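Engineer: Structure below; questions to follow.
In this note's numbering, the protein residues as written are 640 to 904.
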């Protein structure tokens, strides 16, 4: 259930488990991880108890750093820090993924750390990290995925550093050379990045269209959809469509109350 994003269902199933009957340590680990992970995912979207979820995850992380769950755990702990807009702590937590023995995890760590730097306005430092990922000689599917995510990040850095046209070209290259059905999460981030590039280019109508792509087609990732709704709320207001602005803001506040974007709106 948890792997399919049905976190409430997963917690319901786990609540029926008699934990005293779980004897094997690996099964105990899985039980504790799935419970803490599902609570955290719910807290990040629907506004569940983030403090309690973070406490449980930190408890699991402290006692299970030798398991493969530790890397997933570190990433979602970073996400929880982002939700609190504590980007420095998020960067530290994401850095743990670099300890993984797999190169694509190490690349993922760099992408996530760079994203945390974006939150701090450290665009030059973020771009340097994204550049390193894109320059990696690795070309297996997992590494290529991280390179695409890094290119989307590079475009944001360009937009925020005075070169939004360069950012637009870079994102359009990512969008034009990939299949949306195969990677909707990437396309959601790409269109959000394109929206920011257009905003920095003083093209609010183009930005509106970019964010609408996320709202209508690429809304699967909660954080990505929440970001698009945040900007749509502003842009609908700008083009004098107050009813649409209210709809976007209401959806942001009701569905993604736990996200940092809902707090900003």
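Note that beta-carbon positions come from the ideal geometry of N, C-alpha and C, so glycine has one too.
Nothing here was measured: the structure is a model prediction, and the numbers come from that model.
Spatial neighbours of residue 716 within its chain, please: CB distance less than 6 Å, with the 5 preceding and 5 following residues excluded, ordered by chain position.
Structural biologist: For the purposes of this step, residue 716 is taken as the residue at position 77 of the chain shown. Hits under 6 Å: 696, 732.
Engineer: So residue 891 and residue 870 are supposed to be a Cβ contact under 8 Å. How far apart are they, rounded?
Structural biologist: Along the chain shown, read from residue 1 onward, the residue named residue 891 stands at position 252. Along the chain shown, read from residue 1 onward, the residue named residue 870 stands at position 231. Incorrect: roughly 10 Å between the Cβ atoms, too far for contact.
Engineer: Could you tell me the distance, in whole angstroms, from the CA atom of residue 759 to the CA atom of residue 880?
Structural biologist: Translated into the one-based positions of the chain shown, residue 759 becomes position 120. Translated into the one-based positions of the chain shown, residue 880 becomes position 241. Answer to the nearest angstrom: the Cα atoms are 32 Å apart.
Engineer: Helix, strand or coil for residue 749? Go by DSSP, reduced to three states.
Structural biologist: Here residue 749 refers to the residue found at position 110 when the chain shown is read from its first residue. Note: residue 749 maps to helix in three-state DSSP.
Engineer: Classify residue 779 as helix, strand or coil using the three-state DSSP reduction.
Structural biologist: Looking up residue 779 in the chain shown gives position 140. Residue 779 falls in the coil class under three-state DSSP.
Engineer: Hey, which unbroken runs of the alpha helix (DSSP H) at 4 residues or more fall wholly within the stretch 816 to 880?
Structural biologist: The stretch 816 to 880 contains these whole alpha helix (DSSP H) runs: 823 to 839, 843 to 855, 861 to 877.
Engineer: Exposed or buried, which one is residue 893 when buried takes at least 16 other CB atoms within 10 Å?
Structural biologist: The count along the chain shown starts at 1 and reaches residue 893 at position 254. That one is exposed.
Engineer: To which residues of the same chain is residue 805 closer than 6 Å at the C-beta, ignoring the five residues directly before and after it?
Structural biologist: For the purposes of this step, residue 805 is taken as the residue at position 166 of the chain shown. Hits under 6 Å: 797.
Engineer: Rounding to the nearest angstrom, what Cα-Cα distance links residue 834 and residue 827 in this structure?
Structural biologist: If you number the chain shown from 1, residue 834 lands on position 195. If you number the chain shown from 1, residue 827 lands on position 188. One C-alpha to the other measures close to 11 Å.
Engineer: Give me, in chain order, the residues of the same chain whose beta-carbon lies closer than 7 Å to that of residue 641; leave out the 5 immediate sequence neighbours on both sides.
Structural biologist: Numbered from 1 along the chain shown, position 2 holds the residue referred to as residue 641. At residue 641 the pLDDT is 45, less than 50, meaning the model places this residue with poor confidence; the figure from the coordinates comes in the next sentence. For residue 641, where only same-chain residues beyond five positions count, the Cβ hits under 7 Å are 649, 673, 676, 677.
Engineer: From residue 803 to residue 898, what does the alpha carbon distance come to, in whole angstroms?
Structural biologist: Along the chain shown, read from residue 1 onward, the residue named residue 803 stands at position 164. Along the chain shown, read from residue 1 onward, the residue named residue 898 stands at position 259. C-alpha separation (whole angstroms): 26 Å.
Engineer: Are there 16 or more other CB atoms within 10 angstroms of the CB of residue 895, so buried, or fewer, so exposed?
Structural biologist: Along the chain shown, read from residue 1 onward, the residue named residue 895 stands at position 256. Residue 895 is buried by the Cβ-count criterion.
Engineer: Residue 889 to residue 904, Cα distance in whole Å?
Structural biologist: For this step, residue 889 is matched to residue 250 along the chain shown. For this step, residue 904 is matched to residue 265 along the chain shown. Spanning the two alpha carbons is a distance of roughly 10 Å.
Engineer: Can residue 831 and residue 858 be called in contact, C-beta distance under 8 Å?
Structural biologist: Looking up residue 831 in the chain shown gives position 192. Looking up residue 858 in the chain shown gives position 219. Against a cut-off of 8 Å, the Cβ pair of residue 858 and residue 831 comes out as no contact.
Engineer: Check the C-beta distance from residue 813 over to residue 787 and give it rounded, since I have them as a contact under 8 Å.
Structural biologist: By one-based count along the chain shown, residue 813 stands at place 174. By one-based count along the chain shown, residue 787 stands at place 148. Contact flag correct, Cβ pair sits at about 6 Å.
Engineer: Name the residue from 685, 811, 666, 645 whose alpha carbon lies nearest to the alpha carbon of residue 864.
Structural biologist: By 1-based counting over the chain shown, the position of residue 864 is 225. For the residues 685, 811, 666, 645, the minimum Cα distance to residue 864 belongs to 685.
Engineer: Looking at the structure shown, is residue 889 part of a helix, part of a strand, or coil, going by DSSP?
Structural biologist: Taking the first residue of the chain shown as position 1, residue 889 is located at position 250. Residue 889 falls in the helix class under three-state DSSP.
Engineer: Determine the DSSP secondary structure at residue 900, reduced to helix, strand or coil.
Structural biologist: The residue given as residue 900 occupies position 261 in the chain shown. Reduced to three states, the DSSP call for residue 900 is helix.
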